[in-house]
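Q: For our numbering, add 31 to where a residue sits in the sequence shown, where the first one is 1.
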Amino acid sequence: MTTVLYPGSFDPIHLGHLDVIEQSLELFGDVVVAAMHNPSKPSGMFTLDERMAMIEESVGPLRAARPNGSVRVVAFPGLAVDAARSEGVDFIVKGLRTGGDFEVEQQMAHTNHAAAGVRTVYLPCKPSLVFISSRFIREIAKYGGDVTAMVPAPVVPQLARAAARDQS
Ligand code: PNS
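See below:
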């Protein structure tokens, strides 16, 4: 079995992320989802603990559907390559939605390989989900909009709660 690391901000996890986790489970069998602290994105909505809890709840059905596979959720405040090393994974996986993602991910993949010899594999996101982004989900939720088509069910009430918290 191959073990892969799927790092991200997951602020919050959405259906595109879940698709990448599902593809990784199907292809490799063993997935470590790492909720990273990204210093260049200080304007997030959720704490690391909240993001982890939402990921845990959201991957429940995938675990049940694939009892032979493994999904672990970890928090990591440092570099993705250090998370890859400490979790002993074979490589990193990333989802690609658009050409814009490719530009960013290609640079990160080369940097991670040059810095630490860690390889990255890209997975194409499901076409029906390529428009989804955590940034827009946060923005819609902040103004009370409906994001149920974009996030796993457990995330919906958490977005409403965080939006209310941010306004108080
Ligand atoms: O979900 P995101 O915000 O697109 O994920 C980006 C993330 C967290 C995977 C990326 O910023 C990252 O790997 N951060 C950890 C710090 C790091 O390794 N930086 C060097 C990147 S080459």
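Cβ atoms here follow ideal geometry from the backbone N, Cα and C, with glycine treated the same way.
So, with DSSP's three-state summary, where would you put M181?
A: Coil at M181, not helix or strand.
Q: Take the Cβ of V62 as the centre, count every other Cβ of all protein chains shown within 10 Å, and call the residue buried at 16 or more, exposed below.
A: With a threshold of 16 other beta carbon atoms within 10 Å, V62 meets it and is buried.
Q: Using the three-state DSSP reduction, which class does T34 fall into: helix, strand or coil?
A: T34 falls in the strand class under three-state DSSP.
Q: On a CA-only basis, which of Q198, P183, R192, D132 is nearest V90? Give me that one, please.
A: P183
Q: Please state whether the Cβ-Cβ distance between I86 and V51 is less than 8 Å.
A: no
Q: Please state whether DSSP places L110 in a helix, a strand or coil.
A: L110 falls in the coil class under three-state DSSP.
Q: Looking at C-beta atoms only, is the number of pairs between the region 94 to 106 and the region 52 to 60 that lie closer than 8 Å three or more?
A: The region 94 to 106 makes contact with the region 52 to 60; the number of CB pairs closer than 8 Å reaches 3 or more.
Q: Helix, strand or coil for R196, going by three-state DSSP, please let me know.
A: helix
Q: In terms of residue numbering, what span does the alpha helix (DSSP H) encompassing P43 cover?
A: Neither: P43 is in no alpha helix (DSSP H) and is coded neither H nor E.
Q: Name the residue from P92, A145, R196, H141 whose alpha carbon lies nearest to the alpha carbon of K173.
A: R196
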